[in-house]
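Visitor: Chains as they are written, first to last, in the numbering used here: chain C, 9 to 131; chain D, 10 to 699.
Structure provided below as structure tokens; questions to follow.
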Amino acid sequence: MKKNILVVDDSESIRELVGNSLENAGYFVLKGINGKDGVEVLRNFDDNVSLIITDLFMPEMDGIDLIREVRKDSIYKFVPILMLTTESQAEKKLEGKKAGATGWMVKPFEEGKLLRIVKKVIG
Amino acid sequence: MENLHNIYLEEAEDLFSKIEESLLLLEKAPDDSSLIAEVFRSMHTLKGSSSMYGSNKVADFVHNLETIYDKVRGREIDLSQPIIEATFKSLDHLKKIVESPDIPDPIDAKYHEKLTAEILGLLDESEGTDKITTQVQGTKRKTFLISFTPDKDIFTNGTKPILLIDELTDLGTSQVFSYMEKGLSSKKYDPKKCYTSWDILLVADEDENPIKDVFIFVEETSKISVTKVFDGNLLSLPEFTSQLPPVDLNGNRLTLKTVKSFISKIPKKVLEMQEEENEIMEIDVTEEVAVEETQKTQGSEESITSIRVASDKLDELMNQVSELVTTQAGLSMYSENNFDPVLNAIADNVEKLSRQLRDIAFEMTLIQISNLFRRFNRVTRDISNQLGKAVKFVTEGGETELDKKIIDSLSDPLMHLIRNSLDHGIESREERIKTGKPEKGTIKLSSYYSGAKVYIQIEDDGRGIDAEKIREKAITNRLISKDDKLSEKEIFDLIFVPGFSLAKSVTDISGRGVGMDVVKKNILDIRGDISVESKMGQGTKITLGLPLTLSVIDGLLVKVQSTSFIVPLVDIKKCFEIKREELSNDFNELIKLEDDKIPYLDLRKEFLIKDEDVPAKVSIILLENESNRIAVCVDSIVGEYQAVLKPVGKYYRNQEFVSGATILGDGSIALVLDAYKIIARKIVKQKKSA
Numbered sequence: 009m010k011k012n013i014l015v016v017d018d019s020e021s022i023r024e025l026v027g028n029s030l031e032n033a034g035y036f037v038l039k040g041i042n043g044k045d046g047v048e049v050l051r052n053f054d055d056n057v058s059l060i061i062t063d064l065f066m067p068e069m070d071g072i073d074l075i076r077e078v079r080k081d082s083i084y085k086f087v088p089i090l091m092l093t094t095e096s097q098a099e100k101k102l103e104g105k106k107a108g109a110t111g112w113m114v115k116p117f118e119e120g121k122l123l124r125i126v127k128k129v130i131g
Numbered sequence: 010m011e012n013l014h015n016i017y018l019e020e021a022e023d024l025f026s027k028i029e030e031s032l033l034l035l036e037k038a039p040d041d042s043s044l045i046a047e048v049f050r051s052m053h054t055l056k057g058s059s060s061m062y063g064s065n066k067v068a069d070f071v072h073n074l075e076t077i078y079d080k081v082r083g084r085e086i087d088l089s090q091p092i093i094e095a096t097f098k099s100l101d102h103l104k105k106i107v108e109s110p111d112i113p114d115p116i117d118a119k120y121h122e123k124l125t126a127e128i129l130g131l132l133d134e135s136e137g138t139d140k141i142t143t144q145v146q147g148t149k150r151k152t153f154l155i156s157f158t159p160d161k162d163i164f165t166n167g168t169k170p171i172l173l174i175d176e177l178t179d180l181g182t183s184q185v186f187s188y189m190e191k192g193l194s195s196k197k198y199d200p201k202k203c204y205t206s207w208d209i210l211l212v213a214d215e216d217e218n219p220i221k222d223v224f225i226f227v228e229e230t231s232k233i234s235v236t237k238v239f240d241g242n243l244l245s246l247p248e249f250t251s252q253l254p255p256v257d258l259n260g261n262r263l264t265l266k267t268v269k270s271f272i273s274k275i276p277k278k279v280l281e282m283q284e285e286e287n288e289i290m291e292i293d294v295t296e297e298v299a300v301e302e303t304q305k306t307q308g309s310e311e312s313i314t315s316i317r318v319a320s321d322k323l324d325e326l327m328n329q330v331s332e333l334v335t336t337q338a339g340l341s342m343y344s345e346n347n348f349d350p351v352l353n354a355i356a357d358n359v360e361k362l363s364r365q366l367r368d369i370a371f372e373m374t375l376i377q378i379s380n381l382f383r384r385f386n387r388v389t390r391d392i393s394n395q396l397g398k399a400v401k402f403v404t405e406g407g408e409t410e411l412d413k414k415i416i417d418s419l420s421d422p423l424m425h426l427i428r429n430s431l432d433h434g435i436e437s438r439e440e441r442i443k444t445g446k447p448e449k450g451t452i453k454l455s456s457y458y459s460g461a462k463v464y465i466q467i468e469d470d471g472r473g474i475d476a477e478k479i480r481e482k483a484i485t486n487r488l489i490s491k492d493d494k495l496s497e498k499e500i501f502d503l504i505f506v507p508g509f510s511l512a513k514s515v516t517d518i519s520g521r522g523v524g525m526d527v528v529k530k531n532i533l534d535i536r537g538d539i540s541v542e543s544k545m546g547q548g549t550k551i552t553l554g555l556p557l558t559l560s561v562i563d564g565l566l567v568k569v570q571s572t573s574f575i576v577p578l579v580d581i582k583k584c585f586e587i588k589r590e591e592l593s594n595d596f597n598e599l600i601k602l603e604d605d606k607i608p609y610l611d612l613r614k615e616f617l618i619k620d621e622d623v624p625a626k627v628s629i630i631l632l633e634n635e636s637n638r639i640a641v642c643v644d645s646i647v648g649e650y651q652a653v654l655k656p657v658g659k660y661y662r663n664q665e666f667v668s669g670a671t672i673l674g675d676g677s678i679a680l681v682l683d684a685y686k687i688i689a690r691k692i693v694k695q696k697k698s699a
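Here is the structure:
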């Protein structure tokens, strides 16, 4: 069975880039355009998601709030969540971890690194 | 990739205009924090995507701008007119350089430098330069002792410690020891917490850093130490390994001190030899790899990638695996009830192994549906020729994989549906030309996954089904009365009623009495469902929803008194708990849930279970298929359960709700309920009484 991954980023180009790489690697990818949309996509999906990858700065609802919201849902209490960060966001990284994120990925990254990290958290 | 790059350019364009818009507004209201945040966010997004698309110059340039706005946002500096000016200039420049990020034009390049300097000047303090550290890595084998004590709450941020151990052991040869917290009673045990720590001896070529990197996501919360204990491979020395404790450590951590004391007991000579060997090995290894590689290339031409196996052997394998899964469930249950760490570990292992074995066995019984689709290609051609119709046959999603048994039993129903489409759906050439449709009709056979199901669709662009005609026919056949108001969907469902055929004359191709009712029965037999959509003059679409496999279902284990039932998880919408009085108040067998009245089925009543110790609360399981909902009442919900489906004996053949039975871990039997049949019957009953 394909594993489902939710990718949330307000940048379409990043969504597509990350989505494409994951799809080529055999995952099923769902996409959200901001935190709020991501949560909605998750709630309307009739299957479980194995991993959530989220950007931090987004309009409507940012990544940290997305993580908090997701962790409230009993189904997603223990699902891995990766943050997409830039090199300068050390504090944000900590805030995200406190909110319940599993790990992070610093932009820019190439496909190989993305897949390695994904594998690291979902096996 | 080309396509993705275009998305990036379009997005950059969007962001530029967004920033410009906000800046213009900011000129009038420089304190508007939401506008500043907006500019910052847009710049951040632009930086992120530029760096991902390889435009580092753009990314660096935007980074500086972003830093300014970060400071503005943090009220460290004010948004001054010079900053706004510089931003506008930068935007114009950026528009140019996103298209050609290498900045080939020397004039542009100069301007780029000038602007960068200007922006850096605006920043109070320039960024510190990155320290570049180079490390010379040795390639000698080393033995490390790694101790990993996870934070107890490590699961709550989605970390799976076992994956980290896997990653670590992939780095080289290893010996993993685990330590479980002492004095843990089953009462105190909280499954959401991690009570295990690990000590690992790892032999690798790496330095300490790549090993530490494995723990990068957990280093702040967990205790991790990585220590090199020996230059060389300790695990290859029997003098060392014979001293090692058992993998569960007998309740004591493997400390650095212990390992050092083990090393000190190894004769010096052996140690020296090992160090020398280490050097020789390096050369050996490279040679070995080379040899292996040549073997690989030679072998790949001749090696056999697949073998044929008789399908009854596969069936036998599946049967045995199913038995194994059942037995394992018994073992797991026993070990859970008897808290014994060793037994637990064994049971967990058996569970893991049998799960893997089951998955592999399943995969072996899956075949691509294209095998089946291909068969219809020829049939369509022959029949359309026979009928004098021009038909294009298209297939899609042939790579979808399904249980062989399901594919086998799909052949007849699909054949019937395709014949129907060809015979009744697609019009004659003349008729198609008259109605302005392309001369050639199209029949599309497609397949796709969605959720835990596989869908197969047969779609034609023919004349469609006349709902009015079906209604009339149903009235003459006394299936419905004149005043019945039916939705279009309900009307279409009538074609599945036995003996209902719309064909005016019996042709060779279809309409020989073997009707849609048989198709439906065949599909229901493999736990599937069928639905029809049709538009007059435009075509018909028939959708089959099928389970991935017949032999195992994910279900919810529920109880009424001491009797267990399994409800398939795919059909469950929600679970509730209500007071029993709320049920008995209603003669119509309806309960109110979320402002909606829903028909219910009390399993206690249906299965004539004695009314002893009736609990005050009832658990309600809400089943849903397409548009119909029904509630099933049980005493309690035990939890999710993977049921290996066994057929029930012939005495049960005519019962209405049960699709099979399964043996639970404790050896008792649970009936597997058929949600589709329950809903269908209840809805009919409801209609009759209404």
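Glycine included, each C-beta is placed from N, C-alpha and C at the ideal position.
With a threshold of 8 Å between beta carbons, is C/Val151 in contact with chain D?
Guide: Because chain C is modelled from 9 through 131, residue 151 of chain C falls outside the range shown and cannot be assessed.
Visitor: Along the beta strand (DSSP E) that carries D/Thr671, what are the first and last residues, could you check?
Guide: Against the second sequence, residue 671 of chain D aligns to sequence position 662. Element bounds for D/Thr671: Val667 to Ile672.
Visitor: Sorry if obvious, but does the Cβ on D/Arg487 come closer than 7 Å to a heavy atom of the ligand SAH?
Guide: Within the structure as shown, the ligand SAH is missing, as the structure has no ligands at all.
Visitor: Can you pull out the residues from the segment 10-26 of chain C whose beta carbon lies closer than 7 Å to at least one beta carbon of chain D?
Guide: Asp18, Ser19, Glu20, Ser21, Ile22, Glu24 and Leu25
Visitor: Determine which residues share a DSSP beta bridge with D/Phe239 and list them.
Guide: The residue given as residue 239 of chain D occupies position 230 in the second sequence. The partner list for D/Phe239 (beta bridge, DSSP) reads D/Thr152.
Visitor: Just reading off the alpha helix (DSSP H) that D/Ile369 is part of, what are its end residues?
Guide: Counting from 1 along the second sequence, the entry for residue 369 of chain D is found at position 360. D/Ile369 -> alpha helix (DSSP H) spans Pro350 to Thr374.
Visitor: For a contact meaning CB atoms closer than 7 Å, what does C/Thr110 contact in chain D?
Guide: Taking the first sequence and counting its residues from 1, the one referred to as residue 110 of chain C is at position 102. Per Cβ cutoff of 7 Å: Asn166, Gly167, Thr168 and Phe226.
Visitor: What distance in whole Å lies between the Cβ atoms of D/Ser344 and D/Asn358, which are believed to be in contact at a cut-off of 8 Å?
Guide: The residue given as residue 358 of chain D occupies position 349 in the second sequence. The residue given as residue 344 of chain D occupies position 335 in the second sequence. About 11 Å; that fails the 8 Å criterion.
Visitor: Could you check where the beta strand (DSSP E) with D/Arg638 kicks off and where it finishes?
Guide: Reading the second sequence from its first residue, position 629 is the one you call residue 638 of chain D. Looking at the DSSP string, the run of the beta strand (DSSP E) that includes D/Arg638 is Asn637 to Val643.
Visitor: For the segment 472-489 of chain D and the segment 385-398 of chain D, state whether three or more C-beta atom pairs, one from each stretch, are separated by less than 8 Å.
Guide: no
Visitor: With a cut-off of 8 Å, do at least 3 Cβ pairs link the segment 434-452 of chain D to the segment 401-408 of chain D?
Guide: yes
Visitor: Taking Cβ-Cβ distances shorter than 7 Å, what residues in chain D pair up with C/Asn28?
Guide: Looking up residue 28 of chain C in the first sequence gives position 20. Going along chain D in sequence order, the residues near C/Asn28 (Cβ under 7 Å) are Leu13.
Visitor: Could you tell me which chain D residues have their CB closer than 7 Å to the CB of C/Val57, listed as they occur along the chain?
Guide: Your numbering for residue 57 of chain C matches position 49 in the first sequence. None at all; the shortest Cβ gap to chain D is about 11 Å.
Visitor: Find the nearest neighbour of D/Leu632 within the set D/Ile587, D/Pro577 and D/Ile672, judged by alpha-carbon distance.
Guide: Residue mapping note: residue 632 of chain D aligns to position 623 of the second sequence, counting from 1. Comparing Cα-Cα distances from D/Leu632 to each of D/Ile587, D/Pro577 and D/Ile672, the minimum goes to D/Pro577.
Visitor: Pick out the complete alpha helix (DSSP H) segments inside the segment 97-133 of chain D, 4 residues or longer, and give them in chain order.
Guide: 115-131
Visitor: If you draw a straight line from the C-alpha of C/Asp17 to the C-alpha of C/Ile41, how long is it?
Guide: Reading the first sequence from its first residue, position 9 is the one you call residue 17 of chain C. Reading the first sequence from its first residue, position 33 is the one you call residue 41 of chain C. Approximately 5 Å, taken between the alpha carbons.
Visitor: Any idea which residues DSSP pairs D/Gly564 with across the strands?
Guide: The sequence position of residue 564 of chain D within the second sequence is 555, counting from 1. Looking at the DSSP output, D/Gly564 shares a beta bridge with D/Pro577 and D/Tyr650.
Visitor: Rank D/Ala68, D/Lys498, D/Phe574 and D/Tyr458 by C-alpha distance to the C-alpha of D/Leu555 and give the top, closest one.
Guide: Taking the second sequence and counting its residues from 1, one reaches residue 555 of chain D at position 546. With distances taken between Cα atoms, D/Leu555 lies closest to D/Tyr458.
Visitor: Does the segment 378-388 of chain D come within contact of the segment 489-505 of chain D, defined as at least 3 CB pairs closer than 8 Å?
Guide: no
Visitor: What's the C-alpha gap between C/Phe86 and D/Lys161?
Guide: Position 78 of the first sequence holds residue 86 of chain C. Position 152 of the second sequence holds residue 161 of chain D. The alpha-carbon atoms of C/Phe86 and D/Lys161 are separated by roughly 13 Å.
Visitor: Do D/Leu132 and D/Lys98 count as a contact pair if the criterion is CB distance below 8 Å?
Guide: The sequence position of residue 98 of chain D within the second sequence is 89, counting from 1. The sequence position of residue 132 of chain D within the second sequence is 123, counting from 1. Cβ distance not < 8 Å, so D/Lys98 and D/Leu132 don't count as in contact.
Visitor: How would you call D/Phe239, buried or exposed, if buried means at least 16 neighbouring beta carbons within 10 angstroms?
Guide: Against the second sequence, residue 239 of chain D aligns to sequence position 230. Classification for D/Phe239: buried.
Visitor: Would you say D/Ile16 lies against chain C (beta-carbon separation less than 8 Å)?
Guide: Taking the second sequence and counting its residues from 1, one reaches residue 16 of chain D at position 7. It does: the Cβ of D/Ile16 has a partner Cβ on chain C nearer than 8 Å.
Visitor: Given that C/Lys135 touches chain D, what residues does it touch there, using C-beta distances under 7 Å?
Guide: Outside the displayed span of chain C (9 to 131) sits residue 135 of chain C, for which this structure offers no information.
Visitor: Answer yes or no: does any C-beta atom of chain C fall closer than 8 Å to that of D/Met373?
Guide: Position 364 of the second sequence, counting from 1, holds the residue named residue 373 of chain D. Answer no: the Cβ-Cβ gap between D/Met373 and chain C never drops below 8 Å.
Visitor: For D/Lys266, report the span of its alpha helix (DSSP H) as first-last.
Guide: Taking the second sequence and counting its residues from 1, one reaches residue 266 of chain D at position 257. D/Lys266 -> alpha helix (DSSP H) spans Leu265 to Ser273.
Visitor: Once the 5 residues before and after D/Glu649 are set aside, which same chain residues still bring their CB inside 8 Å of it?
Guide: The count along the second sequence starts at 1 and reaches residue 649 of chain D at position 640. Asp563, Gly564, Leu565, Leu566 and Leu578, listed in sequence order.
Visitor: Work out the CA separation of C/Gly111 and D/Ile155 for me, nearest whole Å.
Guide: As a position in the second sequence, residue 155 of chain D is number 146, starting the count at 1. As a position in the first sequence, residue 111 of chain C is number 103, starting the count at 1. Their backbone Cα atoms lie some 21 Å apart in a straight line.
Visitor: Starting from the Cα of C/Leu14, find the closest Cα among C/Leu90, C/Lys100, C/Arg124 and C/Ala33 and give me that residue.
Guide: To locate residue 14 of chain C, count along the first sequence from 1; it is residue 6. The shortest C-alpha separation from C/Leu14 is found at C/Leu90.
Visitor: If you reduce the DSSP assignment to three classes, tell me which class D/Val681 lands in.
Guide: Looking up residue 681 of chain D in the second sequence gives position 672. Strand.
Visitor: Using a Cβ-Cβ cutoff of less than 6 Å, which residues in the same chain neighbour D/Gln570 once the five nearest sequence positions on both sides are dropped?
Guide: On the second sequence, position 561 is the one that residue 570 of chain D refers to. If we look at D/Gln570 and ignore the five residues flanking it on each side, its Cβ neighbours are Ile618.
Visitor: Can you give me the Cβ contacts of D/Lys232 inside the same chain, cut-off strictly under 6 Å, excluding the 5 residues immediately before and after it?
Guide: Along the second sequence, one-based indexing puts residue 232 of chain D at 223. Hits under 6 Å: Thr158.
Visitor: Ordered along the chain, which non-local residues of its own chain (more than five positions away) have a Cβ less than 8 Å from that of C/Val47?
Guide: Looking up residue 47 of chain C in the first sequence gives position 39. Gly40, Met69, Leu74, Glu77 and Val78.
Visitor: Closest Cβ-Cβ distance between C/Lys85 and chain D: below 8 Å?
Guide: By one-based count along the first sequence, residue 85 of chain C stands at place 77. True, the Cβ-Cβ gap to chain D drops below 8 Å.
Visitor: Over what stretch of residues does the alpha helix (DSSP H) that includes D/Gln725 continue unbroken?
Guide: Because chain D is modelled from 10 through 699, residue 725 of chain D falls outside the range shown and cannot be assessed.
Visitor: Under the three-state reduction of DSSP, which class applies to D/Tyr198: helix, strand or coil?
Guide: Taking the second sequence and counting its residues from 1, one reaches residue 198 of chain D at position 189. Coil.
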